[in-house]
Amino acid sequence: MILDSLVRGFREGDLEGRCSLLSAILLSLAIHTSGFSPLYSLSAIAISTYFSSGRNLRLIVALSPFLLLVLISGAFFSFEYSLSSALAFAGVISAGAVVYSSSTSEVGGAMIFLRVPERFVVVVQMAVATLPLLASDLKNVWLVTEGKGIGRYARVMRALISTAVLRALNMSEALYSKSFSYRAVFTVRRPDGKSLVMLGISLLLFLSTLPRALFSLL
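So the sequence shown is residues 1 to 218, counted in full-length UniProt numbering.
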């Protein structure tokens with residue numbers, strides 16, 4: 001179930017790239033500037049859940065072991081700190097899910113629109129496109145690996161690392177054979193209404209954190 005959620009969570013969506021990228025940045029900033037407020041973390045999760053069609057919830061389920069680790073480590077300080085840290089972690093995952101609600105080419109177009117250097121855009125595009133492949137590889141390796149407990153986990157990790165290295169080598173050979181020149185392949189389209197509404201709500205959420213952040217500096 002966890003691996004299925006991970007694979008489905010990385011599937012591309014239909015939101016416009018620039019709105020998706022800017023919304024993800026604004027949601028992450030809102031969580032940070034609010035001081036990891038549970039209210040703002042929950043708001044970011046709710047926004048992402050609606051506009052990404054629940055893609056963020058699948059990623060949260062897939063990364064639940066790490067979420068549990070955050071809860072346990074935070075409990076050494078206080079229950080309130082543990083809860084706020086876990087919700088902030090889930091909120092950041094939700095912000096990332098918004099990026100995957102668009103296509104890789106449109107995310108590249110959004111970065112070009114924001115004047116990000118083209119070389120860096122290409123690297124980010126490759127990373128964004130590779131994560132779903134690694135998630136699928138992890139699922140396949142888990143299904144064919146026998147055993148239980150830590151022993152199975154260790155074998156899965158060794159196989160996954162080997163698979164990732166082979167995939168990286170194949171990718172590098174393919175890029176070299178095609179005289180790769182770090183030219184970004186991107187798409188830019190007019191934002192649809194849903195994407196603009198998401199961007200507007202994300203902006204309002206971020207702006208609402210600024211008075212508190214400015215007050216804390218005084």
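In this text, a Cβ means the ideal position worked out from N, Cα and C, and glycines have one as well.
- Contact between the region 192-203 and the region 163-175 is absent: fewer than three C-beta pairs spanning the two stretches fall below 8 Å.
- Within the model, the alpha-carbon separation for Phe66 versus Val165 is close to 24 Å.
- Using a Cβ-Cβ distance cut-off of 8 Å, the region 91-98 and the region 47-59 are in contact, since at least three pairs of beta carbons, one from each stretch, lie closer than that value.
- Taking 8 Å as the upper bound for CB-CB distance, Ala75 and Phe206 are not in contact here, some 29 Å apart.
- Taking the C-beta atoms as reference points, Ser102 is found nearer than 8 Å to Leu15.
- Across the structure, Ala135 and Val141 are spaced so that their CA atoms are roughly 10 Å apart.
- Approximately 28 Å separates the beta-carbon atoms of Gly108 and Val61; this is outside 8 Å, ruling out the contact.
- Secondary structure note for Tyr182: it is in no alpha helix (DSSP H), with a DSSP letter that is neither H nor E.
- Ser41 places its beta carbon less than 8 Å from that of Ala88.
- Of the candidates Leu143, Asn170, Val122, Leu143 places its Cα closest to the Cα of Met157.
- Assignment of Ala75 by DSSP, reduced to helix, strand and coil, places it in the coil class.
- At the C-beta level, Leu71 and Ala86 come within 8 Å of one another.
- Ranked by Cα distance from Ile93, the first of Met126, Ser23, Val124 is Ser23.
- If only uninterrupted alpha helix (DSSP H) runs of at least 4 residues are considered, those enclosed by the region 64-148 are 64-74, 79-99, 104-113, 118-144.
- Within the same chain, and ignoring the five residues on either side of Thr187 in sequence, the residues whose Cβ sits closer than 6 Å to its Cβ are Ser105, Glu106, Gly109.
- By the beta-carbon neighbour count (other beta carbons within 10 angstroms, threshold 16), Ile47 is buried.
- Rounded to whole angstroms, Pro117 and Ser20 show a C-alpha spacing of 19 Å.
- Here Phe36 carries a coil assignment [DSSP, helix/strand/coil].
- Distance from the CA of Tyr182 to the CA of Asn170, rounded to the nearest whole angstrom, comes to 17 Å.
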